[in-house]
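Protein chains in written order, with the working numbering: chain A, 1 to 352; chain B, 1 to 352; chain C, 1 to 352; chain D, 1 to 352. Think of the CB as a built atom: it goes at the ideal place given N, C-alpha and C, for glycine as much as any other residue. To start, the structure under review is shown below, and the notes come after it.
There are 4 protein chains.
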Amino acid sequence: MPRAQIVGATGYGGLGVLELLLAHPDFEVTSLVARDDAGRRIDEVYPHLTGRCALTVQTAEEAQVGSGCDVVVFATPERVSQTYAKALADAGVPFIDYSGDFRFASAADYALYAARHPSVRETAHGAEALLGRAAYGVSELFRDRIASAPIVGNPGCFAIGMILGLAPLFAGGAVEGGSVSVSSVSGSSGAGKKPAPLQHLSHLNDNVVPYRVLSHQHVIESELTLGRLGKAKGATLDFVPHVIGATRGILSTMHLRLTKSATRDALFARYREYFEGERFVRILDVPPMLKGQAGSNYCDISLVVSEDGRRVVVMSSIDNLMKGQSGSAMQNLNIMFGLDEGAGLDRTPQYP
Amino acid sequence: MPRAQIVGATGYGGLGVLELLLAHPDFEVTSLVARDDAGRRIDEVYPHLTGRCALTVQTAEEAQVGSGCDVVVFATPERVSQTYAKALADAGVPFIDYSGDFRFASAADYALYAARHPSVRETAHGAEALLGRAAYGVSELFRDRIASAPIVGNPGCFAIGMILGLAPLFAGGAVEGGSVSVSSVSGSSGAGKKPAPLQHLSHLNDNVVPYRVLSHQHVIESELTLGRLGKAKGATLDFVPHVIGATRGILSTMHLRLTKSATRDALFARYREYFEGERFVRILDVPPMLKGQAGSNYCDISLVVSEDGRRVVVMSSIDNLMKGQSGSAMQNLNIMFGLDEGAGLDRTPQYP
Amino acid sequence: MPRAQIVGATGYGGLGVLELLLAHPDFEVTSLVARDDAGRRIDEVYPHLTGRCALTVQTAEEAQVGSGCDVVVFATPERVSQTYAKALADAGVPFIDYSGDFRFASAADYALYAARHPSVRETAHGAEALLGRAAYGVSELFRDRIASAPIVGNPGCFAIGMILGLAPLFAGGAVEGGSVSVSSVSGSSGAGKKPAPLQHLSHLNDNVVPYRVLSHQHVIESELTLGRLGKAKGATLDFVPHVIGATRGILSTMHLRLTKSATRDALFARYREYFEGERFVRILDVPPMLKGQAGSNYCDISLVVSEDGRRVVVMSSIDNLMKGQSGSAMQNLNIMFGLDEGAGLDRTPQYP
Amino acid sequence: MPRAQIVGATGYGGLGVLELLLAHPDFEVTSLVARDDAGRRIDEVYPHLTGRCALTVQTAEEAQVGSGCDVVVFATPERVSQTYAKALADAGVPFIDYSGDFRFASAADYALYAARHPSVRETAHGAEALLGRAAYGVSELFRDRIASAPIVGNPGCFAIGMILGLAPLFAGGAVEGGSVSVSSVSGSSGAGKKPAPLQHLSHLNDNVVPYRVLSHQHVIESELTLGRLGKAKGATLDFVPHVIGATRGILSTMHLRLTKSATRDALFARYREYFEGERFVRILDVPPMLKGQAGSNYCDISLVVSEDGRRVVVMSSIDNLMKGQSGSAMQNLNIMFGLDEGAGLDRTPQYP
């Protein structure tokens, strides 16, 4: 039974993977690391865990990152895992990271991302030599690589919804000019646990706020990934994220033109074929809705085509804390350890 | 593996127990019965079930209530199960019912309830002879009786929160005059799936609406149950329910005076002892919160005592669709079939 | 002081204009007409009006539509005002209508709309001869015509946000191919007061639901209006509305390419110039937000241009019940009666 | 036209009174003072004020508190106005204060409050000599004193709802033992603009959280006020506040026993008589609801009596930012300056 250590355990990302690992038949959680709440029991930090987990949060110094475990989950901000990467690689301890640190194949790609990120100051990567050993954690597209990589860069929450929603079309070279206009709405939990003006209830309740219009960092990994799939020749995403007064979910509405006209049936057939056998991608006849995947690892996708068969709207929806974060991490951990890919993830969405 | 039939399968109550039974290691769902959506697949009615259940909803005539199953779950309105009760009893098929039909020990008790219920026209019970064979489904209090009864009357959503929150004090004869003032807030899902003015989003969003002030029907079963516990000599609950612009949860704030002053420590000790070994009752050091049990079967309880040790505020919180409805039903089904009481119910609350 | 009669007075649209007229220095409300609540006082239907209005709702027969008033406001469903139009025209009583009945310059234009509308069965107009005497009620664009027309077709809630947001670019012939991709989010109140599954709180709370994707009827008036402005040569809007779990507001995010590249400064200058002197259009430096206009008649607009100066995102936001409905109606009534255009509309948005 | 200076102008309290003063026919705002946003224009801090107010926020040093104005509004935290009080009194500049600094008739009363307040360290008052010149700003009860006092202590948001809701019964000596159990729900805006864990949307959305159970500081002014009204002989309020995932509103549900039984009609008559002529108190036949006063200065009250006529539930509801804060302040300012008491406050609640 593999033993996992969670670094950044008291943020929403750490909490999410902790809950999944606790319920997993084949994983054990050995230590919780976090700076802010060190010394407190996790069920004091989160009373809803009463009776479910009584581990005490430790500092990185106390717990020793990478010690006494078979894998480390970094649910940490940008550039944290970079500082531990070499030591873990030398010690032969694999890890998965929630930030953008290991989502990119090269330092050049990373620099594009770092330059966009509002809290990253430096564009040079701190562990460039290891980028070649990392896999980008979109399980459905890069399963084989994830299975053998010692490092997995878990995808950005907006990115995975766009990538899964558009992959069948980009892979087939079907997107005119590789150009897509995307409007996404996201629940507030994507911004994490730390109070901030934008996430203050009195401000965000009943509200929809566009932000980082045409400048959000998740576009970089999405464009690089989609633009290199199959017959694709690059991708340009005009992306507008909006944060809304809900807790969970990301729904992306994506407008594009096809290189050749297609019928609804043909497009649905393409999507169903592309994702055949995938347990966590569902192609719906009706548009997906924001809370239709709450608490589950599903990515729901549907599409509508114009009467002339040339213009298409693709919609994808996920729980940003599950498929958009901890669920994907759990799925990738299963792949990394050769376990059933859906283990610990067999959950019906919470509705209503 | 017991086979269950769900009648009223397409309401929130039916949906809830369906999801629990689907994930249960030891139950099988054989048929779904509902009037409104008969002929449709359940995952067309509820797209979030795509890939999880593809049963087709049937009419009562098609499915034949009680046929091909070992238990029937009536997730139906008042007075439906009464009409099937005798036939099922004769056939030896046990059932559990979500309405008030079998929550009462006598026709006289039932009449008090029926007279209060806004949608019940008649106070005479339709299957009076069977009331003596029914158990009231508060698992923690009536476990033994539930285990042997062929009929279980699942408790009202407000009732179970009040009963569990107050039982340790009533059982000890500690409530002055047996009198408690209760204000409860409930998510809108308690009113079910059917659109109605009070549950219309534009009306209820950001709103809190008191209703049936001092006249709600759930008071009857609560007063009768609490008033007959241990050393209790009757109970009077001044109960004010409020519906709020949230989907799930019932939080009850209960004010009372003690017959003798007590310290915080003594009261907490009494509660912890009373519920010792109970898996779904948690005594919290801090006040419970409405969404702290979402998606789980927990009832969280805490209390605060005044400086003079005489006045107490007890707070209890549940997910109204789980412990307040389908979770209790699942727990009772486990008891009825001699299974592990927590089977299929091992769920961490969904937070944030 | 002009006297107004409101038909459809107990829906949200009627309520909205009633509140504005009550607070208006120069209007008097003489009668309230509605089918459903006839015989009740309006402050019984809406207790928040207690102490503000005690008129009794009447049937159309009791009140006689057009009688004892100087203008009729039809806050009614599609095809109601058509049936009264000729009689009112003959009697010389002007009216304003909230539905699509009088938004179109010709029967052919109307037929395009009617064919799209989910609740309209017939595409032939019932008062075709009067279409030529009606004005389309986007006050900022058609002020002169509104001032002299006996009939005003108040714009659709989505339409006015798109039209005001895009008018400066279409008028200048600056939109490549006349093609725009639009994603809009709307509060639930746009669907009115009548309970329905999509607007049921348990369903819509915390939710975002795309609907009528590429087929919403408000596109027709938007395309016809924008496509005929200034140097525009037609317009094609790929429009995806989403209803969300909030009560008020419509925020539209609109993606387009420019025929010639432009700087941010040049684009802002164009917008500020185009709307110079307009009291209810505000050009913001930052993206507008859904609740930034709540309770007011403002349309807030901002835009972001890509680094290459060719791709633009325009965002507009309104209170759907004000600028998107009753506020525009009040503004048009002021214009029709030669009053100060902002009378009764001088309101700060309600924030937070 | 009196000139007002607002200190603490960029919090929700300052914003609220600014908006009311801007729309007031007889007041002028001369300066805005705030520490955090000094140097910025108020419409940059709050973009929804674009086109409505372009004053630049100043530091207290720049603006000189009390200079160039006829009244100062302190929308500031505890113990700020105490430090300016003597200088303003000496200069003859009246002021109104939002904190608890001047709500109490004596230093002893204040000390009870200060000891309860979570952010007040010291119980000694900093301007004790001036307490005797201050009025407690419940306009309906203390109108005469407010009219002549140079200092007004604006009431606490929970307090005013409890006091108005219970005053007719306490004044008549009708409350058994002077004892009331109160559960209140409050929108998050009562906690102000500053981000904090409890007000973080991901935590508070869909949530109800009891806090400071039996220990909230607003109880002090409520008990002191009610216990000294008419025939009252003291008051004991067992008060449980709950914060909920809504922005505005406080609804209080209050349980008590009558000293003598009374009919519903008699109780309603007593309430209507007590508040006769009051413009901002409405006695409703149906229970008030949280958003029924949004944006207005109303306090809506209703009550239900038990069948035996002895037990009563009183419910009161206000907009916590209006009657619970800035609306009361505006009403008191009108009284202080001998203006029409409702000037600038004639607003219909925003519904839906």
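- Looking from the CA of T30 of chain A, the closest CA among A:Q64, A:L166, A:Y351, A:H48 belongs to A:Q64.
- For R41 of chain A, same chain residues with a beta-carbon under 8 Å away, outside a window of 5 residues either side, are A54, L55, T56, V57 in chain order.
- Y136 of chain D sits in a strand when the DSSP states are folded into three classes.
- Of the residues C:H216, C:G309, C:T225, the one whose Cα lies closest to the Cα of L258 of chain C is C:G309.
- Rounded to the nearest whole angstrom, the CA to CA distance from L229 of chain D to A167 of chain D is 7 Å.
- In the three-state reduction of the DSSP assignment, A191 of chain A falls in the helix class, which pools H, G and I.
- Put simply, the backbone Cα of S317 of chain C is about 7 Å away from that of G249 of chain C.
- Secondary structure at P288 of chain A: coil, using DSSP grouped into helix, strand and coil.
- By the rule that beta-carbons nearer than 7 Å mark a contact, L112 of chain A does not touch chain B.
- Here the C-alpha atom of V304 of chain C lies approximately 11 Å from the C-alpha atom of D238 of chain A.
- Using a Cβ-Cβ cut-off of 7 Å, H48 of chain D counts as an interface residue toward chain C, since at least one Cβ of chain C sits closer than that to its own.
- Within the same chain, Cβ atoms closer than 6 Å to the Cβ of E28 of chain C are found at M1, R3, the five residues on either side in sequence being excluded.
- Its chain contains I96, A135, G137, I146, N332 as the residues whose beta carbon lies nearer than 6 Å to that of V152 of chain C, once the 5 sequence neighbours on both sides are disregarded; these appear in chain order.
- G92 of chain C has its alpha-carbon roughly 28 Å from the corresponding atom of D36 of chain C.
- Counting every other CB atom within 10 Å of its CB across the protein chains shown gives D144 of chain B a total below 16, marking it as exposed.
- At least one beta carbon of chain C lies nearer than 7 Å to the beta carbon of Y351 of chain D.
- Here P241 of chain A carries a strand assignment [DSSP, helix/strand/coil].
- Annotation: V93 of chain D is outside any alpha helix (DSSP H) and is labelled neither H nor E by DSSP.
- Judged by their CB atoms, L251 of chain A and V312 of chain C are not nearer to each other than the 7 Å cut-off.
- L339 of chain B and R121 of chain B have their C-alpha atoms roughly 38 Å apart.
- Contact with chain D is found for T253 of chain B, since one of that chain's Cβ atoms lies less than 7 Å from the residue's Cβ.
- Contact check for G126 of chain B against Q82 of chain B passes: the beta carbons are separated by less than 7 Å.
- The region 106-113 of chain C and the region 191-203 of chain C do not touch, with fewer than 3 CB-CB distances between them shorter than 8 Å.
- When Cβ-Cβ separations below 7 Å define contact, Q293 of chain B makes no contact with chain C.
- For V240 of chain B, the closest C-alpha among the options B:S222, B:V213, B:E221, B:T247 is that of B:V213.
- Per DSSP, reduced to three states, the secondary structure at D340 of chain D is coil, with no helix or strand assignment.
- Under the three-state reduction of DSSP, Q217 of chain C is assigned to coil, being neither helix nor strand.
- Just so you know, the alpha carbons of L130 of chain A and K86 of chain A end up roughly 8 Å apart.
- Around A107 of chain B, the same chain offers A124, H125, E128, L131 as residues with beta carbons nearer than 8 Å, after the five sequence neighbours per side are excluded.
- By the neighbour-count definition (other C-beta atoms within 10 Å, threshold 16), K231 of chain C is an exposed residue.
- Between P197 of chain A and chain D, the shortest Cβ-Cβ separation is below 7 Å.
- Residues of chain D whose Cβ lies closer than 8 Å to the Cβ of D206 of chain C are, in chain order, N205, D206.
- Assignment of beta-bridge partners to E28 of chain C by DSSP yields C:R3.
- Counting of Cβ neighbours within 10 angstroms places P352 of chain D among the buried residues, the total reaching 16 or more.
- By the C-beta density criterion, S188 of chain A is buried, having at least 16 other C-beta atoms within 10 angstroms.
- In this structure G324 of chain B does not touch I220 of chain B by the C-beta definition: roughly 17 Å separates them, more than the 8 Å allowed.
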